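In our numbering, the protein residues as written are 81 to 326. Quick reminder that beta carbons are idealized off the backbone N, C-alpha and C, glycines included. Everything numeric in this text was worked out from a predicted model, so none of it was measured.
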Ligand SMILES: [Zn+2]
């Protein structure tokens, strides 16, 4: 019991640290910068940060959301991503336990979290992070099944996109969505992939109506639905059963 709690807290802290790295990915990948060099620096005044300015959550709180050198405001996105990543890691540990492929599931969802934030900010999905999420999702004991599920999910969505593009007379779905679908297929399998697609459409419905002109990024809703169905996989199957058989 106490051991469980210890490992859950450890997973949360690891998630915070990974979230710190995700912030670097979210900031630098869309700008085409290297994610390893140079070391973290203030995006405003370029002063390199000291290690104690880099502690997840705490540094942002202590510095009251401002750069220690130039007082420029630091986006609340930094602590938010760190916290979300911490919660994500803890939840996935509680779900899976200490299985050998847990780090890869963590990494896949972490990449999806980075994609979510990049899609929110730039309405774009970088291929490198997208493919990373897919590759990590494939590392599991039943990797052949996972690969088949990924191919079916990606292929299926590609065909739906092709068909709706023909009907609508314009590009209805990007290539990036197809890769995300592959990741979802690998993580969830069938029929839960369908539950997640359905759920993401439901989640996106109200924002899509509210922000009709601006357009709504879809990856955040796909990611949210994937996590929910992943955590509640048995309930998702029961839900589908009821939907089909009444
Ligand atoms: Zn600064």
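- Counting the other Cβ atoms within 10 Å of the Cβ of residue 123 gives fewer than 16, which makes it exposed.
- Going by DSSP, residue 197 is part of the alpha helix (DSSP H) stretching over 182 to 202.
- In this structure, residue 223 lies away from residue 187, with their beta-carbon atoms at least 9 angstroms apart.
- For residue 246, the secondary structure class from DSSP, reduced to helix, strand or coil, is helix.
- Judged by beta-carbon spacing, residue 205 lies within the 9 angstroms limit of residue 260, meaning their Cβ atoms are closer than that value.
- Bounds of the alpha helix (DSSP H) holding residue 301 are 299 to 311.
- When secondary structure is reduced to three states using DSSP, residue 175 falls in the helix class.
- Contact check for residue 226 against residue 173 fails: the beta carbons are separated by 9 angstroms or more.
- Per DSSP, reduced to three states, the secondary structure at residue 121 is strand.
- In the three-state scheme derived from DSSP, where H, G and I count as helix and E and B as strand, residue 221 is classed as coil.
- Of the residues assessed, residue 140 falls on the buried side of the cut-off, its CB having 16 or more other CB atoms within 10 angstroms.
- DSSP places residue 279 inside the alpha helix (DSSP H), whose first and last residues are 272 to 290.
- Counting C-beta pairs with one atom in each stretch, the stretch 154 to 169 and the stretch 238 to 251 have fewer than three that are closer than 8 angstroms, which means they do not touch.
- Taking a 10 Å sphere around the C-beta of residue 314, we find fewer than 16 other C-beta atoms and assign the residue as exposed.
- Assignment of residue 136 by DSSP, reduced to helix, strand and coil, places it in the coil class.
- Ranking 130, 120, 198, 112 by CA distance to the CA of residue 157 puts 198 first.
- Assignment of beta-bridge partners to residue 146 by DSSP yields 153.
- Classified as buried, residue 100 has 16 or more neighbouring CB atoms from the shown chains inside 10 Å of its CB.
- In terms of Cα proximity to residue 318, the closest of 304, 149, 272 is 272.
- If you compare the alpha carbons of 213, 294, 104 with that of residue 189, the shortest gap goes to 213.
- Put simply, of 310, 320, 296 the residue whose alpha carbon is nearest the alpha carbon of residue 175 is 310.
- For residue 263, the uninterrupted alpha helix (DSSP H) run begins and ends at 255 to 268, by DSSP.
- Residue state for residue 110 is assigned as helix, using DSSP reduced to three classes.
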